[in-house]
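**Student:**
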Amino acid sequence: MITTNVNTMTVATTGGTPLAGLGNPAPAAAGIHELIRERWSPRAFSGVPVSRERLNVLLEAARWAPSSMNEQPWRFLLANRRDDPEGHARIASTLVPFNAAWASRAPVLTIVAAKTAFTHNGAANHSAYHDVGQAVALFTLQATAFGLAIHQMGGFDRDRARLLLDIPDGYEPVVALALGYPGDAGELSLEMRARETAPRTRRPASEWVYGGRWSEPLPPTTESVQ
Ligand SMILES: Cc1cc2nc3c(=O)[nH]c(=O)nc-3n(C[C@H](O)[C@H](O)[C@H](O)COP(=O)(O)O)c2cc1C
730 MITTNVNTMT VATTGGTPLA GLGNPAPAAA GIHELIRERW SPRAFSGVPV SRERLNVLLE
790 AARWAPSSMN EQPWRFLLAN RRDDPEGHAR IASTLVPFNA AWASRAPVLT IVAAKTAFTH
850 NGAANHSAYH DVGQAVALFT LQATAFGLAI HQMGGFDRDR ARLLLDIPDG YEPVVALALG
910 YPGDAGELSL EMRARETAPR TRRPASEWVY GGRWSEPLPP TTESVQ
């Protein structure tokens with residue numbers, strides 16, 4: 730076991746744990762990392778609690794995201810139902826009804842906010858949302874490594890979150906996260922179950938990859954992708 734300090738938190742990691750998988754891998758082409766293939770956004774969560782130790786490791790992963798000027802504009806408001814049932818209910822109450830119906834069952838709820846101006850000069854940080862997204866992506870991949878699922882949600886009331894969670898001026902609530910171990914889709918409503926078991930799809934890269942100009946396709950290559 731390796732123990733390191735994260736500000737005032739203690740993080741413990743055990744190395745070499747095999748990936749449990751989250752039960753709905755992406756039908757992606759060969760070559761992508763297993764963590765990326767296994768990550769998905771379920772709505773069924775089990776009631777199994779998430780340890781503080783694991784949450785600390787997730788936060789440590791987010792901490793090491795790159796950011797413009799190393800500003801690290803992300804702020805995580807995190808409520809583990811086991812330790813803070815009121816905080817959990819508070820975040821749940823900001824979710825739109827469609828999300829609250831399933832996400833309230835997740836043992837951990839999080840709102841991630843962005844600091845929208847640079848600390849060193851107060852200028853607008855146009856990379857703030859991008860950087861928050863990167864921190865959330867690393868947080869999510871680290872969760873996947875632990876067999877934990879995260880469902881990101883834009884469907885929450887930002888004004889209510891700002892008010893209830895004491896988010897100060899200069900910070901924008903960006904995304905809500907439901908976090909926990911995958912649960913039984915059979916416990917979801919019929920509508921949610923249908924979404925849960927729908928095939929996972931993506932646009933082909935040809936729809937969003939260009940060459941050096943928008944008007945030019947990426948030239949074909951005879952090299953294989955390594
Ligand atoms: C920023 C963001 C906001 C999202 N908002 C919602 C939401 O409010 N409700 C929901 O059910 N899913 C939400 N999702 C989940 C997406 O629908 C999901 O990521 C997408 O369909 C791809 O599925 P996958 O994550 O399982 O690969 C959101 C995802 C992101 C990244």
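Quick note: the sequence shown uses my numbering, first residue 730, plus one each step.
For each residue, glycine too, the CB sits at the ideal point set by N, CA and C.
If you're wondering where the values come from, they're calculated on a predicted model, not measured in any experiment.
Taking all protein chains shown into account, decide if Ala-852 is buried (16 or more other Cβ within 10 angstroms of its Cβ) or exposed.
**Tutor:** Ala-852 should be labelled exposed.
**Student:** Report the rounded CA-to-CA distance for Gly-876 versus Val-938, giving the unit in angstroms.
**Tutor:** The alpha-carbon atoms of Gly-876 and Val-938 are separated by roughly 31 Å.
**Student:** Where in the stretch 856 to 932 do unbroken runs of the alpha helix (DSSP H), each at least 4 residues long, occur, reported from the N-terminal end onward?
**Tutor:** You should have 857 to 874, 887 to 893 and 919 to 926.
**Student:** Just to confirm before moving on: does the CB-CB distance between Arg-768 and Leu-870 stay below 8 Å?
**Tutor:** Yes, the pair counts as a contact, with Cβ atoms nearer than the cut-off.
**Student:** Put Ile-761 into one of helix, strand or coil per three-state DSSP.
**Tutor:** Three-state result, Ile-761: coil.
**Student:** Could you round the C-beta distance between Ala-914 and Ala-773 to whole angstroms and report it? I think they count as a contact, below 8 Å.
**Tutor:** Indeed, because the Cβ distance is near 5 Å, the residues count as touching under 8 Å.
**Student:** Buried or exposed: where does Thr-848 fall if 16 or more other Cβ atoms within 10 Å of its Cβ makes it buried?
**Tutor:** Classification for Thr-848: exposed.
**Student:** Just checking my contact of Tyr-910 with Thr-845 at CB under 8 Å: how many whole Å lie between their CB atoms?
**Tutor:** Not confirmed; about 34 Å, so no contact.
**Student:** For the alpha helix (DSSP H) containing Trp-831, name the first residue and the last one.
**Tutor:** Per DSSP, Trp-831 belongs to the alpha helix (DSSP H) from 826 to 832.
**Student:** Put Ala-790 into one of helix, strand or coil per three-state DSSP.
**Tutor:** Ala-790 falls in the helix class under three-state DSSP.
**Student:** Using 7 Å as the cut-off, classify the Cβ of Ser-770 as near or not near the heavy atoms of ligand 1, replying yes or no.
**Tutor:** At least one heavy atom of ligand 1 is nearer than 7 Å to the Cβ of Ser-770, so yes.
**Student:** Could you check the C-alpha separation between Val-861 and Glu-916 for me, to the nearest Å?
**Tutor:** Going from the Cα of Val-861 to the Cα of Glu-916 covers about 32 Å.
**Student:** Less than 7 Å between C-beta atoms, sequence neighbours within five positions excluded: which residues of the same chain meet that for Leu-892?
**Tutor:** Around Leu-892: no qualifying Cβ.
**Student:** Just tell me which of Gly-941, Thr-926, Pro-814 and Asp-898 has its CA closest to the CA of Pro-778.
**Tutor:** The residue with the shortest Cα to Cα distance from Pro-778 is Pro-814.
**Student:** What's the C-alpha gap between Ala-866 and Ile-840?
**Tutor:** Spanning the two alpha carbons is a distance of roughly 14 Å.
**Student:** Starting from Ala-773 and walking both ways along the alpha helix (DSSP H), at which residues does that stretch end?
**Tutor:** Careful: Ala-773 lies outside any alpha helix (DSSP H) and carries neither H nor E.
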